[in-house]
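Participant:
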Amino acid sequence: MIKNFTVLREDNSIRNISCPENEIGNQIETGEVISDKFYSNELYKYDGFDFILKSEDEKVLSKTLAKRVSELEIQLLQAGIALQNHRETYKSMSRNACVDLINQAAGRARTRAVSQGNLLVMEYERLIIQVNTWIAAGRDSADVPGMLNSYATHSGMTATNAADYIVAASDAYDTLLANTYDKRHQGAAAVNAATEDYAVVAQTYIDYLDTL
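This note's numbering numbers the first residue of the sequence shown as -17 and each following residue consecutively.
Laid out in structure tokens, this is it:
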């Protein structure tokens, strides 16, 4: 399997190598170090401490659109953002990396069930706690929790109707969480049990989770 590698030279310049993983040792020279992540030498430089993006005037401007898109996909993967069109990129990734992408797809599904952003997910979960506590205490109209009162006011509902709506949404959210939890672990087990086609197996679970 061909993989892409970033090699750091003694003078802090970098070069890229594409070769089978078991042959990388034959491709490096004395004093060179292999990075544990891939950085395009047309987009990145090494400043003595870390790999950083080159300034615009240092970048090569004669890249084809396809090459620019490919490099952008690599940057997104390094940032932990997996796209549905990363199928070819998956093939050169390790099993653990493929499992990570399944976990990311599950995370996207959970976030979509509420809204965009992890903070909104946290707000939603706190709202559910307030609603359940209020219902258990007898639905006192004179003591409506702040978040429930805000939701009811801006939704044009009574506190009772808003609470019932939120409980129903909470049940659906719990069902989704159980589903993503099951598929996430099922996918990880399938990837680890697969032979050379583990990336294809991972893609199946990622595609499913991206439909939720």
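Don't be surprised by glycine CBs; every beta carbon is placed ideally from N, CA and C.
Quick one, which of Arg(-9), Ala181, Thr162 has its alpha-carbon nearest Gly89's?
Facilitator: If you number the sequence shown from 1, residue 89 lands on position 107. When each option's Cα is compared against that of Gly89, the closest is Thr162.
Participant: Determine whether the beta carbon atoms of Arg94 and Val173 lie at a separation below 7 angstroms.
Facilitator: Counted from its first residue, the sequence shown places residue 94 at position 112. Counted from its first residue, the sequence shown places residue 173 at position 191. It is not a contact, given that the beta carbons lie outside the stated cut-off.
Participant: Using 10 angstroms around the beta-carbon of Gly13, count the other beta-carbons present and answer buried if the total reaches 16, otherwise exposed.
Facilitator: Position 31 of the sequence shown holds residue 13. By the 10 Å Cβ count, Gly13 comes out exposed.
Participant: In terms of residue numbering, what span does the alpha helix (DSSP H) encompassing Lys(-15) cover?
Facilitator: Locating residue -15 in the sequence shown gives position 3, where the first residue counts as 1. Not the alpha helix (DSSP H): Lys(-15) falls in the beta strand (DSSP E), residues -16 to -10.
Participant: Could you tell me whether the segment 172 to 187 touches the segment 108 to 121, using the rule of 3 or more Cβ pairs below 8 angstroms?
Facilitator: no
Participant: According to DSSP, is Tyr26 part of a helix, a strand, or is it coil?
Facilitator: In the sequence shown, counting from the first residue as 1, residue 26 sits at position 44. Tyr26: strand per DSSP, three-state reduction.
Participant: For Lys165 and Leu83, I'd like the C-alpha separation in whole angstroms.
Facilitator: By one-based count along the sequence shown, residue 165 stands at place 183. By one-based count along the sequence shown, residue 83 stands at place 101. Rounded to whole angstroms, the separation of the alpha carbons of Leu83 and Lys165 is 13 angstroms.
Participant: Indicate whether Val15 and Leu35 have their beta-carbon atoms separated by less than 7 angstroms.
Facilitator: Taking the first residue of the sequence shown as 1, we reach residue 15 at position 33. Taking the first residue of the sequence shown as 1, we reach residue 35 at position 53. No, these two residues do not count as a Cβ contact at 7 angstroms.
Participant: Return the CA-CA distance between Val81 and Ala124, expressed in angstroms with no decimal places.
Facilitator: Residue numbering aside, residue 81 sits at position 99 when the sequence shown is read from its first letter. Residue numbering aside, residue 124 sits at position 142 when the sequence shown is read from its first letter. Rounded to whole angstroms, Val81 to Ala124 spans 49 angstroms at the Cα level.
Participant: Hey, could you find the ends of the alpha helix (DSSP H) Ser17 is sitting in?
Facilitator: Position 35 of the sequence shown, counted from the first residue, corresponds to residue 17. Looking at the DSSP string, Ser17 is not in any alpha helix (DSSP H), and its letter there is neither H nor E.
Participant: Output yes or no for whether 7 angstroms exceeds the beta carbon distance between Asn(-14) and Phe20.
Facilitator: On the sequence shown, position 4 is the one that residue -14 refers to. On the sequence shown, position 38 is the one that residue 20 refers to. The Cβ atoms of Asn(-14) and Phe20 lie closer than 7 angstroms to each other.
Participant: Return yes when the Cβ of Gln9 is within less than 7 angstroms of the Cβ of Ile(-1), no when it is not.
Facilitator: One-based indexing of the sequence shown puts residue -1 at position 17. One-based indexing of the sequence shown puts residue 9 at position 27. In this structure, Gln9 lies closer than 7 angstroms to Ile(-1) by Cβ.
Participant: Thinking C-alpha only, which one of Ile188, Glu105, Glu5, Val182 is nearest His167?
Facilitator: Indexing the sequence shown from 1 puts residue 167 at position 185. When only C-alpha atoms are compared, the closest one is Ile188.
Participant: Relative to the C-alpha of Arg92, which residue among Ile(-16), Thr(-12), Leu191 is closest?
Facilitator: Taking the first residue of the sequence shown as 1, we reach residue 92 at position 110. Minimum Cα distance to Arg92 is reached at Leu191.
Participant: Using the Cβ count rule (16 or more neighbours within 10 Å means buried), how would you classify Ile(-16)?
Facilitator: To locate residue -16, count along the sequence shown from 1; it is residue 2. With fewer than 16 Cβ atoms within 10 Å of its Cβ, Ile(-16) is classed as exposed.
Participant: Could you give the DSSP three-state label for Asp189: helix, strand or coil?
Facilitator: Along the sequence shown, read from residue 1 onward, the residue named residue 189 stands at position 207. Note: Asp189 maps to helix in three-state DSSP.
Participant: Grouping DSSP H, G and I as helix and E and B as strand, with all else coil, what is Arg121?
Facilitator: As a working note, residue 121 is residue 139 in the sequence shown. Three-state result, Arg121: coil.
Participant: Based on the DSSP output, what are the partners of Ile111 in its beta bridges?
Facilitator: Your numbering for residue 111 matches position 129 in the sequence shown. Partner(s): none; Ile111 has no beta bridge.
Participant: Might you give, ordered along the chain, the residues of its own chain that have their beta carbon closer than 7 angstroms to the beta carbon of Ser137, omitting 5 neighbours on each side?
Facilitator: Residue numbering aside, residue 137 sits at position 155 when the sequence shown is read from its first letter. Ala144.
Participant: Starting from Ile148, follow the alpha helix (DSSP H) in both directions and report where the run begins and ends.
Facilitator: For the purposes of this step, residue 148 is identified with residue 166 of the sequence shown, where counting begins at 1. Counting along the chain, the unbroken alpha helix (DSSP H) around Ile148 starts and ends at 141 to 175.
Participant: Return yes when the Cβ of Val96 is within less than 7 angstroms of the Cβ of Val103, no when it is not.
Facilitator: Taking the first residue of the sequence shown as 1, we reach residue 103 at position 121. Taking the first residue of the sequence shown as 1, we reach residue 96 at position 114. Against a cut-off of 7 angstroms, the Cβ pair of Val96 and Val103 comes out as a contact.
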